[in-house]
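What follows is a set of notes on a single structure, which appears directly below.
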Amino acid sequence: MTSRIRNLGILAHVDAGKTTVTENMLFLSGAIRSPGNVDKGTSLSDGLAVERRRGISVRATTLSFAWNDVRINLIDTPGHIDFQAEVERSLRILDCAILVVSAVEGIQAQTVSIWDALAAMHIPVMLFVNKLDRMGANSTGVVDDLKRRFSADVIQINQPASEGEPDAGIADLDADGLATLTESVAAQDDALLERFLNDEPLTSADLEATIAACTAHRTLFPTLCGVAKNNIGVEELLAKVVAYFPDARTEGSQADEKQPVSGVVFKIDHDAKLGRIAGVRMYAGRLRNRDTVRNITANRDEKITQIKRSSVNRYEDTGILEAGDIGFVCGMPEARIGDILGDDGPVPGHYRLGEPLLSVQVIPDDEADHTRLTEALQQLSSEDPHLNFTWFADERELHVKIMGAIQTEILTEILATRFAVYARFSDPTVIYMETPISSGCGVESYTMPKPCWAIVKYLIEPGEPGSDVVYSSAVGVNDIRAKYQREIASSIHDALSQGIKGWEVTDLKITLVEGSDHVLHSRPGNFKLATNIALLKGLTETDTRLLEPILSFRIEAPESFVGMITADIVNARGLFDPVEIDAGQVTLSGRIPLATSMHLPARLNSLTRGTARFSFLYARHEPCPPGEGVIRAYKGISPLDRSKYILKMRGAITEAV
Ligand code: GDP
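Anchor point for the sequence shown: position 272 equals 272 in the numbering used here, and the numbering is continuous, going up by one each time.
In structure tokens, the structure reads:
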């Protein structure tokens, strides 16, 4: 039985060597017989065929292995920007992270956004400067850059030997390196600093203890180097993962079975034999086979059948899952990512890196597969709520939300391999929103044909950007009883899911200013119907403006391309921050609408023949300039088509299926 746990994430800009580091750790621990070879497409942690084909990891894998007496739960995270949702989920359960940086390319665009995300979540970080063997490797330059751009508290733990040569290796720090390390570490601790200033010797045990304490608090960031490809420096890295990162097990939890259970579902896997398995990170208490636990998100009890651990290519029975650990749980057929089991107190707040900004229509190759495709998408959307599968019955259209174009490739493959459904995807459309331009009122008197009675009048006012929907009622319960007021409050969100331009309405204030129910005639559902009509009527009065998603970008490229790149960005309605130029490399940053920049990554690649490095991250929604944006027809029967809508809501018109 292992006594300590590290929930470790390995993160990197694509190609820095994250998969190779992972494979070598598994090899060193004895979990695999030989390190897989990423280039030959046999890497074990890259599960999907599309990942093997493209040589990128798109789905986070979770693998556990033992190193000495420590269990390391390795959460491999995808580096590709399309999969920020996966990165986000992985970060949520990490306690510590290794950020891999190439000794040749150094800090790349994605390295920066990962660093920022780890900082925002207060996750302890070590850095691994990889690829010392490549021509042009310059680990000293990279470490200087890390100190300058990330943190002055980056410290070097070992150093390269024969850097830039095929037989490059690593060495202990030389006298200068050790002096620098000692000084940086002593500066973190008053007692050590005093001894250092008095020229008393500091033992390596003194230094190690302080480095560990400071790493846990993110006041030091140890950096090691190596050649992952030749398994050089990876063992040293593992030793420091154990030595410097804090234990995930909360104190006393092992003994205390009575502590209430607290865990979160971070992943849903499918296994040919076991069916649906939920990856759970435990924060408190203990779960065993056959326990019943409350799923407080879904508001139901879950009966756990088996608890397992994910090791290379298979699940092992453990029968128990304790605080601090990560396990895979069978017996929760409807669990979704993000569900909280037991007490939500100890679960850290959700940190969002990105919501999907694109919508695509999914079209079956064979119309006869329509129902099976619907079922498959429903299933996938239940596992990943971000997909937000929507079925527009009147139009017979299936829509999902995605992060980027590569995701459609992954989905095509999952549909084919897991569900044997063949489908294609339309070109993605940007997801716009709309917001009222002025104040106005929306009124509806729904009193015919009886039995029904719901009279409402809403004041609609523009809200601050980012304020979302703020609803309040100025009507007393004498006019509209409490149960109908509750019905109104809970139907506002749905009523605003499509505005007069076809998009979700946001950043507005809605006040119920007048209204009445009827003791005899009012029925449940009447106020929902009246609210839907009144709000849309109100929006035609206030009129709305489209809001479009704006990305912040960062592009690094050789200076010679600056003219072409700038022209492209200006064409795409982009705005620039001041340009940075350093040693022939230019760094451009700024903001750009998603709608005009969807093809920019591919274009940058071809324009600069692959030498540009870039990242695009969602910043916010901003008003669309006049003439830009897309107005969508209302999906389904519009509440503005009042009589038809009322008939439909009363069930007189059944939607085409
Ligand atoms: P990931 O995208 O970050 O997971 O990176 P991979 O582990 O897939 O590595 C990307 C490429 O770099 C592959 O072709 C690896 O063989 C190569 N690579 C990884 N580590 C090293 C290294 O230490 N030296 C050299 N020269 N190549 C490496």
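In this text, a Cβ means the ideal position worked out from N, Cα and C, and glycines have one as well.
Alpha carbon of residue i to alpha carbon of residue j, nearest angstrom
i      : j      : result
Arg300 : Arg336 : 13 Å
Thr506 : Trp453 : 28 Å
Lys509 : Asn138 : 56 Å
Arg148 : Gly331 : 50 Å
Ile232 : Ser34  : 15 Å
Ile631 : Ile326 : 46 Å
Pro246 : Leu220 : 13 Å
Arg554 : Tyr446 : 53 Å
Val154 : Leu321 : 35 Å
Leu357 : Leu26  : 36 Å
Arg676 : Gly525 : Since the first and last residues shown for the chain are 1 and 657, residue 676 lies out of range.
Met564 : Thr611 : 14 Å
Leu202 : Val104 : 34 Å
Gln660 : Glu165 : The question about residue 660 has no answer, for the chain in this structure spans 1 to 657.
Glu316 : Ser497 : 44 Å
Phe576 : Arg545 : 25 Å
Pro333 : Ala393 : 27 Å
Ser615 : Ala31  : 35 Å
Asp46  : Gln485 : Legend: pLDDT at Asp46 = 47, less than 50; position of this residue unreliable, value from coordinates given subsequently. When rounded, the distance between both Cα atoms is 52 Å.
Pro578 : Phe561 : 17 Å
Gly345 : Glu628 : 45 Å
Ser522 : Ile460 : 25 Å
Residue range of the unbroken beta strand (DSSP E) whose run includes residue i
i      : result
Ala272 : That residue, Ala272, is in no beta strand (DSSP E); it is neither H nor E in DSSP.
Asn7   : Arg4 to Ala12
Ile211 : It is not in any beta strand (DSSP E) - Ile211 instead sits in the alpha helix (DSSP H) that spans Ser204 to Ala216.
Arg300 : Arg300 to Lys303
Lys308 : Gln306 to Ser311
Glu105 : Looking at the DSSP string, Glu105 is not in any beta strand (DSSP E), and its letter there is neither H nor E.
Lys509 : Leu508 to Ser516
Asp582 : Glu580 to Asp582
Lys401 : Glu397 to Ile402
Thr223 : Phe221 to Cys225
Sequence-distant residues of the same chain with beta carbon closer than 7 Å to residue i, five excluded per side
i      : result
His518 : Trp453
Gly463 : Val470, Asp507, Leu508 and Lys509
Leu238 : Met25, Leu28 and Trp67
Thr297 : Gly338, Asp339 and Ile340
Outcome for residue i when other beta-carbon atoms lying within 10 angstroms are tallied against a minimum of 16
i      : result
Leu659 : Residue 659 is absent from the structure shown; the chain starts at 1 and stops at 657.
Ile10  : buried
Ile665 : Outside the shown range of the chain (1 to 657) lies residue 665, about which nothing can therefore be said.
Val185 : buried
His13  : buried
Thr408 : buried
Met135 : exposed
Lys662 : Residue 662 lies beyond the range of the chain shown here (1 to 657); nothing can be said about it.
Thr542 : buried
His621 : buried
Unbroken alpha helix (DSSP H) run spanning residue i, endpoints
i      : result
Trp115 : Ala109 to Ala120
Lys147 : Ser139 to Arg149
Gly177 : Ala175 to Ala186
Leu237 : Val234 to Tyr244
Gln159 : Segment Gln159 to Ala161 is the beta strand (DSSP E) holding Gln159; no alpha helix (DSSP H) there.
Pro601 : Leu600 to Leu607
Gln378 : His370 to Glu383
Ala557 : Not the alpha helix (DSSP H): Ala557 falls in the beta strand (DSSP E), residues Thr544 to Pro558.
Selection from the options that minimises the alpha carbon distance to residue i
i      : options                           : result
Val129 : Ser102, Thr318 and Leu547         : Ser102
Trp391 : Met403, Thr417, Phe425 and Val362 : Val362
Ile431 : Ala212, Phe150 and Ser359         : Ser359
Ile5   : Leu94, Val21 and Val14            : Leu94
Lys401 : Thr62, Gln378 and Glu628          : Gln378
Gly106 : His122, Thr412, Gly342 and Lys131 : Lys131
Ile211 : Val125, Gly342, Val562 and Asp494 : Val125
Arg396 : Leu411, Glu367 and Asn388         : Glu367
Leu74  : Ala248, Gly651 and Thr180         : Ala248
Val100 : Asp174, Leu127 and Glu444         : Leu127
Leu8   : Tyr244, Thr111, Ala175 and Glu200 : Tyr244
Contacts around residue i, its chain only, beta-carbon distance under 6 Å, and the 5 residues preceding and following it disregarded
i      : result
His350 : With a pLDDT of 48 at His350, under the threshold of 50, the predicted position of this residue should be treated as unreliable, though the coordinate-derived value follows. Excluding sequence neighbours, His350 sits near nothing in its chain.
Ile492 : Tyr471
Ala49  : With a pLDDT of 47 at Ala49, under the threshold of 50, the modelled position of this residue cannot be trusted, and the question is left open.
Own chain partners of residue i with C-beta closer than 8 Å, once the 5 adjacent residues on each side are dropped
i      : result
Arg418 : His270 and Ala376
Asn68  : Val242
Met282 : Val261, Ser262, Gly263, Leu321, Glu322, Ala323, Gly324, Asp325, Ile326 and Gly327
Thr182 : Phe196, Leu202 and Leu207
Ala109 : His13, Arg554, Ile555, Glu556, Arg613, Phe614 and Ser615
Ile268 : Arg276, Ile277, Ala278, Gly279, Ala335, Arg336, Ile337, Glu383 and Asp384
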